[in-house]
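>
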Amino acid sequence: MRDWEFVTQVKKPAFWQRLLPLPWELWPTEARLLLTLIGFWSIAGLVILGSASWWVASREMGDGAYYIKRQLIWLTASWTLFYLVISTHLKNWLRIAGPIVLLGGFLVGATLLIGSTVNGASRWLILGPLQIQPSELIKPFVILQAANLFAHWKRITSDQRIFWLGIFLTLILLILKQPNLSTAALTGILLWLIALGAGVRLSSLLITAITGGLLGAASILINEYQRLRVISFLDPWQDPQGNGYQLIQSLLAIGSGGWFGEGFGLSTQKLQYLPIQSTDFIYAVFAEEFGFIGSLLVLIFLMLFSFLGLRVALRCKGNQSKLVAIGCTTLLVGQSFLNIGVASGVMPTTGLPLPMVSYGGNSLLSSLVTAGLLIRCSLESTGVLEGVRPHKVT
Amino acid sequence: MSLPKNHRSRVTGRKKRRVIPFEPVYPCRLKSVFAILFLGLFTLMGRMAWLQILQAPTLQARARASQTQKTQPLGTRRSIVDRRGRLIAIDEERFRLWAHPRYFNFPGDNPAFIREPVEVARKLSKILDFSIDELVARLGDRPSGVKLVEGLDAQIALDIKQLGISGLDLEPYPQRIYPQGALFANVVGFLNQERVPQAGLEQSLNDQLIRKEKARILRRGADGTPLPDDLPLGVFDRDNLRLHLTMDARLQELSVKALATEVRKWDAKKGVAIVMDVTNGELLALASTPTYDPNRYWKFSPALFREWSVQDLFEPGSTFKPINLALALQEGVINPLGQVEDTGSLNIGGWSIYNHNRLANGVIDFSKVLQVSSNVGMVKAMRNLKPSSYWDWLHRLGVDVRPDTDLPGAVPGQLKSKEEFVSKPIELATASYGQGFSLTPLKLAQLHALIANGGHLVKPHITRGLFAGDELIPASTAGDYRLLRTEVTQTVLNWMESVVEQGSGVGVYTPGYRIAGKTGTAQKAVNGRYKPGAKICSFVANLPADNPKYVVLVVVDEPKGDHAYGSTVAVPVAKKIIDGLLVLQKIPPHRNETQASAS
Numbered sequence: 002m003r004d005w006e007f008v009t010q011v012k013k014p015a016f017w018q019r020l021l022p023l024p025w026e027l028w029p030t031e032a033r034l035l036l037t038l039i040g041f042w043s044i045a046g047l048v049i050l051g052s053a054s055w056w057v058a059s060r061e062m063g064d065g066a067y068y069i070k071r072q073l074i075w076l077t078a079s080w081t082l083f084y085l086v087i088s089t090h091l092k093n094w095l096r097i098a099g100p101i102v103l104l105g106g107f108l109v110g111a112t113l114l115i116g117s118t119v120n121g122a123s124r125w126l127i128l129g130p131l132q133i134q135p136s137e138l139i140k141p142f143v144i145l146q147a148a149n150l151f152a153h154w155k156r157i158t159s160d161q162r163i164f165w166l167g168i169f170l171t172l173i174l175l176i177l178k179q180p181n182l183s184t185a186a187l188t189g190i191l192l193w194l195i196a197l198g199a200g201v202r203l204s205s206l207l208i209t210a211i212t213g214g215l216l217g218a219a220s221i222l223i224n225e226y227q228r229l230r231v232i233s234f235l236d237p238w239q240d241p242q243g244n245g246y247q248l249i250q251s252l253l254a255i256g257s258g259g260w261f262g263e264g265f266g267l268s269t270q271k272l273q274y275l276p277i278q279s280t281d282f283i284y285a286v287f288a289e290e291f292g293f294i295g296s297l298l299v300l301i302f303l304m305l306f307s308f309l310g311l312r313v314a315l316r317c318k319g320n321q322s323k324l325v326a327i328g329c330t331t332l333l334v335g336q337s338f339l340n341i342g343v344a345s346g347v348m349p350t351t352g353l354p355l356p357m358v359s360y361g362g363n364s365l366l367s368s369l370v371t372a373g374l375l376i377r378c379s380l381e382s383t384g385v386l387e388g389v390r391p392h393k394v395t
Numbered sequence: 006m007s008l009p010k011n012h013r014s015r016v017t018g019r020k021k022r023r024v025i026p027f028e029p030v031y032p033c034r035l036k037s038v039f040a041i042l043f044l045g046l047f048t049l050m051g052r053m054a055w056l057q058i059l060q061a062p063t064l065q066a067r068a069r070a071s072q073t074q075k076t077q078p079l080g081t082r083r084s085i086v087d088r089r090g091r092l093i094a095i096d097e098e099r100f101r102l103w104a105h106p107r108y109f110n111f112p113g114d115n116p117a118f119i120r121e122p123v124e125v126a127r128k129l130s131k132i133l134d135f136s137i138d139e140l141v142a143r144l145g146d147r148p149s150g151v152k153l154v155e156g157l158d159a160q161i162a163l164d165i166k167q168l169g170i171s172g173l174d175l176e177p178y179p180q181r182i183y184p185q186g187a188l189f190a191n192v193v194g195f196l197n198q199e200r201v202p203q204a205g206l207e208q209s210l211n212d213q214l215i216r217k218e219k220a221r222i223l224r225r226g227a228d229g230t231p232l233p234d235d236l237p238l239g240v241f242d243r244d245n246l247r248l249h250l251t252m253d254a255r256l257q258e259l260s261v262k263a264l265a266t267e268v269r270k271w272d273a274k275k276g277v278a279i280v281m282d283v284t285n286g287e288l289l290a291l292a293s294t295p296t297y298d299p300n301r302y303w304k305f306s307p308a309l310f311r312e313w314s315v316q317d318l319f320e321p322g323s324t325f326k327p328i329n330l331a332l333a334l335q336e337g338v339i340n341p342l343g344q345v346e347d348t349g350s351l352n353i354g355g356w357s358i359y360n361h362n363r364l365a366n367g368v369i370d371f372s373k374v375l376q377v378s379s380n381v382g383m384v385k386a387m388r389n390l391k392p393s394s395y396w397d398w399l400h401r402l403g404v405d406v407r408p409d410t411d412l413p414g415a416v417p418g419q420l421k422s423k424e425e426f427v428s429k430p431i432e433l434a435t436a437s438y439g440q441g442f443s444l445t446p447l448k449l450a451q452l453h454a455l456i457a458n459g460g461h462l463v464k465p466h467i468t469r470g471l472f473a474g475d476e477l478i479p480a481s482t483a484g485d486y487r488l489l490r491t492e493v494t495q496t497v498l499n500w501m502e503s504v505v506e507q508g509s510g511v512g513v514y515t516p517g518y519r520i521a522g523k524t525g526t527a528q529k530a531v532n533g534r535y536k537p538g539a540k541i542c543s544f545v546a547n548l549p550a551d552n553p554k555y556v557v558l559v560v561v562d563e564p565k566g567d568h569a570y571g572s573t574v575a576v577p578v579a580k581k582i583i584d585g586l587l588v589l590q591k592i593p594p595h596r597n598e599t600q601a602s603a604s
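For the protein sequence lines, the chains are A and B, in the order given.
Following this note's numbering, the residues of the first sequence are numbered contiguously, the last one being 395.
Following this note's numbering, the residues of the second sequence are numbered contiguously, the last one being 604.
#1: Using the DSSP secondary-structure output, state which residues sit across from Gly470/B in a beta bridge.
#2: If you measure from the beta carbon of Gly226/B to each beta carbon in chain A, is any gap under 7 Å?
#3: In angstroms, rounded to a whole number, what distance separates the CA positions of Phe293/A and Pro354/A?
#4: Taking beta-carbon pairs under 8 Å, can you tell me which members of the stretch 292 to 317 of chain A lie near chain B?
#5: Less than 6 Å between C-beta atoms, sequence neighbours within five positions excluded: which residues of the same chain meet that for Gly5/B?
#6: Should Ile93/B be flagged as near chain A, meaning a C-beta pair shorter than 7 Å?
#7: Per DSSP, which one or two residues make a beta bridge with Met281/B?
#8: Does any C-beta atom of chain B lie closer than 7 Å to the C-beta of Gly214/A?
#9: Between which two residues does the alpha helix (DSSP H) harbouring Ala454/B extend?
#10: Under 7 Å, do Glu290/A and Ala254/A count as touching if we go by C-beta distance?
#11: So is Phe43/B in contact with chain A if we call contact Cβ pairs under 7 Å?
#12: Please compile the residues from chain B whose C-beta is within a distance smaller than 9 Å of the C-beta of Ala45/A.
#13: Run through the DSSP bridge pairs and tell me what His595/B is partnered with.
#14: Considering only their Cβ atoms, is the gap separating Val504/B from Gly522/B smaller than 7 Å?
#15: Which residues of chain B have a Cβ atom closer than 7 Å to the Cβ of Lys323/A, listed in chain order?
#16: Compare the C-beta of Thr269/A against all C-beta atoms of chain B and say whether one is closer than 7 Å.
#17: Could you list which residues in chain B have their beta carbon closer than 8 Å to that of Gln242/A, in chain order?
#18: Using a Cβ cut-off of 7 Å, pull out every chain A residue sitting near Met2/B, in sequence order please.
#19: Measure the alpha-carbon distance for Arg88/B versus Met252/B and round it to whole angstroms.
#20: Could you tell me whether any Cβ in chain B is nearer than 7 Å to the Cβ of Phe338/A?
#21: Would you say Ser345/A reaches chain B, if we count a Cβ-Cβ gap shorter than 7 Å as a contact?
#22: Which word fits Asp281/A, buried or exposed, when buried means at least 16 other C-beta atoms lie within 10 angstroms of its C-beta?
#23: Go through its chain and collect everything with a Cβ distance to Ser260/B's Cβ below 6 Å, but skip five positions before and after it.
#24: Identify every residue that forms a DSSP beta bridge with Val86/B.
#25: When you compare only the Cα positions, how much space is there between Leu399/B and Asp405/B?
#26: In this structure, what does DSSP give as the bridge partners for Tyr297/B?
#27: Which of the three DSSP states is assigned to Gly510/B in this structure?
#28: What is the DSSP secondary structure of Val338/B, counted as helix, strand or coil?
#29: Rank Gln278/A, Thr269/A and Leu369/A by C-alpha distance to the C-alpha of Ser71/B and give the top, closest one.
#30: Using 7 Å as the limit for Cβ to Cβ distance, is Gln72/B near chain A?
#31: In chain order, what residues of the same chain lie with their CB nearer than 6 Å to the CB of Glu31/A, ignoring the 5 residues before and after it?
#32: Can you check whether the CB of Leu288/B is closer than 7 Å to the CB of Tyr297/B?
#33: Could one say the Cβ of Phe100/B lies closer than 7 Å to chain A's Cβ atoms, at least one of them?
#34: With DSSP as the reference, please indicate the residues paired to Leu128/A in a beta bridge.
#35: Give the interface partners of Arg67/B over in chain A, defined as CB-CB distance under 7 Å, in chain order.
#36: Please give me, in chain order, every unbroken run of the alpha helix (DSSP H) with length at least 4 that falls completely inside the stretch 192 to 251 of chain A.
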């Protein structure tokens, strides 16, 4: 109760402060910084999306602001969810994570049967006006459930381990079957990194990594579309009009940026040279407009973000919240890394959105929930919130 | 650290398991995850430096190469219009259809699917005038770059475009069309298949007719939208200048018809009719026959592609007599009221000179000389003029000089050298009735314009220049190069008027109008010798005689038949042209007989 008294002393009963789960003065520096960074990230993302999508939107939709308007709606929804996340005990999220992963896996399976197919991949479930992408929305819950699983890896029974690892594997295979190699790979890498952070034996991790690598290789060999992408990634100039086209246009955009870029809004490659320029290749537009300086700032931003994420993880009190924090950091930064890697040709072309920048509501919801979990971890690390206290056994 | 209880229950729930101590997550493991992320981002930094600094020039050059498009000018030409703005030559946009069978794909198809040539041919045959088999045969088995059809007009091209078939490419190109057909071929000329001008104004004014189009280097979006970036000034400008002619399409048509009828009737080799504005030298009609259709030039002999009325010389004969009389009057060697005795024949330096009918006309005045076209009378009139002075006058009139004209290929006439002309009396004698020297029909028209306009040598021309849009150009004004006195030319005009009233030119007599004229039936010289039986019949008219505005000249080369004279061959053509001219130019009839001369 001493904590509580302390809080009442300091608290200034301003309206917006009462809405916060923790008084602003008590927010750890990491949490404040992270909140600022995430706010900046989502606003900058909207601005970049505006530039990348305006031309195509005005051509194809008759309204240049078409995508921004929709993204703004999604952004509002996402920030609402973000608020919900930072106001809710991590414990509760951890509790519902398991069932949601199971449900999510079921829905991913459903996309294979009744999903809507875009570009040869069925990733979406149409729900009235909404397009749901279960593989995207499930990601924060995969982190939570992974944290549940790996937090006390050495102390849980092997049937529990096998059950959940099996579930994760099934999930990855289902996503792979959509086919969505990138999300499958991201999910796999995410789980692996959480396991690494959790302290799972290195030999097991190595074996898993090798198995995963073989799995990926097998997938690439079996699916022609993936094989072609890998080949075109290795030498895009071999087939500049065909399989290499996307990557070449992206490289041309990034290269055109030079040191200082063409200036905001002045990318030429976004004028329908670059395909899917408002989602998968949005980074290329950014790089053309802001140049190497812009690219550097983005990467430094991501480094800062991961550093803060690490700080949060280190400061967290529980194993689970540590893992949730490092998992969330890994998801946001790792997905950004993969997206930029694809655009700049260090990785085979796969369709992965750039968090909070690419157009798409599912990705935005997922990203802000993830960011919210990270901040919640940071808030709980103060020990001021209730969640710190030991509770009754689940 | 904390929360050991949380899992104790689960562990204690198992019976055989020993208690595994709680193990916190090691910070070093978390740091290693961070290290991996950091390393990944660091790699990307390197990659960005590689792409955006080291590779930037190469990539940027490649990007610019695909983004910029250099548009070569199509080489369109300006239109040519007549004095009333009627189109004589125009560039129309035509399309060439190229086929690339390896890209054949219908809208809605799977992009990877390739249609058979026969399927494309089936769709095309509904639009084009070709059967499916023909089209398939043309497509052959070449994978791309098949030139399928040429000369498609814009509507058909649009129909093809709307089929939306990939693998079909429409290439626009300009095609020169001459809406008036053969009417202006002799002066305008034509372009060949490669659009190289081959004759006429198209050739001589090629520099003015070519549109000055710049090659444009444009940055474009992938859908073709031009970007307003680094655009040089005026690349989208397209002038609408048109070359305006002085000619009148209706008068030209009428002249061509009248001339062609008569040339056919007399089985003549060729004929020309010229209508010139005497005040400024504008040609209203320059009809020539035979001629050709510039739209199908390949069906005609290349010999037709030159306009003989400005490029071929002929001995004018009696149509030159009024000009000679004007020179004699100007020099004062004859009296306007003077008379000569026509004895029917004369002997000059051993050469006999006869009238055309070898009959003597007795003592006659100069109007009679022109009316009966007396050769002997002319020789006697001109005999008083010093040969050197006569030669100087012929030279001053520009008989042996290339006329200042924009008509392509105009040539100077031929005159004996001054020495020869002065030393041999026969030269002066023959020159006095228009033989022994030669000039072009155009030059003759110019000299008669000089009589008609009071002594000015005008510049015969057919173009008014390049002007924008639909505006019509006012006529140019007369030159100020006066050679003869007005009294002289007026006297000659009066004499010529009598030719129409009671002489050989009576065939053009038009009630209510005063017309001055002179016929000519010249012997035709070929390679310096007179060709037996070959005549050149001509007629020249100035009208209205009281204040001449137009000169009409008709020359017919080698009409066959005993009755082929200027009065029988050339006068009927002139009559039709004059009738048309009076209507088209709205020349009012003359009413007041007592009116004195003007100008």
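Here a beta-carbon is modelled for each residue, glycine too, at the ideal position from N, C-alpha and C.
Note that this is a predicted model, so its numbers are computed, not measured.
Let's see:
#1: His249/B
#2: yes
#3: 21 Å
#4: Gly292, Phe293, Ser296, Leu297, Leu300, Leu303, Met304, Ser307, Phe308, Gly310, Leu311, Ala314 and Leu315
#5: Nothing can be reported for residue 5/B, as the shown portion of chain B is limited to 6 through 604.
#6: no
#7: Leu288/B and Val556/B
#8: no
#9: Pro446 to Ala457
#10: no
#11: yes
#12: Near Ala45/A there are no residues of chain B at all, since even the closest Cβ is about 17 Å away, more than 9 Å.
#13: DSSP lists no partner for His595/B.
#14: yes
#15: Val30 and Leu35
#16: yes
#17: Per Cβ cutoff of 8 Å: no residues; Gln242/A is ~11 Å from chain B at best.
#18: Since the displayed chain B opens at 6 and closes at 604, residue 2/B lies outside it and no answer follows.
#19: 6 Å
#20: yes
#21: yes
#22: buried
#23: Ala278, Ala290, Ala292 and Ile582
#24: Leu92/B and His249/B
#25: 8 Å
#26: BP columns for Tyr297/B are empty, so no partner.
#27: coil
#28: coil
#29: Thr269/A
#30: yes
#31: Leu309, Arg312, Val313 and Ser379
#32: no
#33: no
#34: Leu131/A
#35: Leu253
#36: 203 to 223 and 225 to 235
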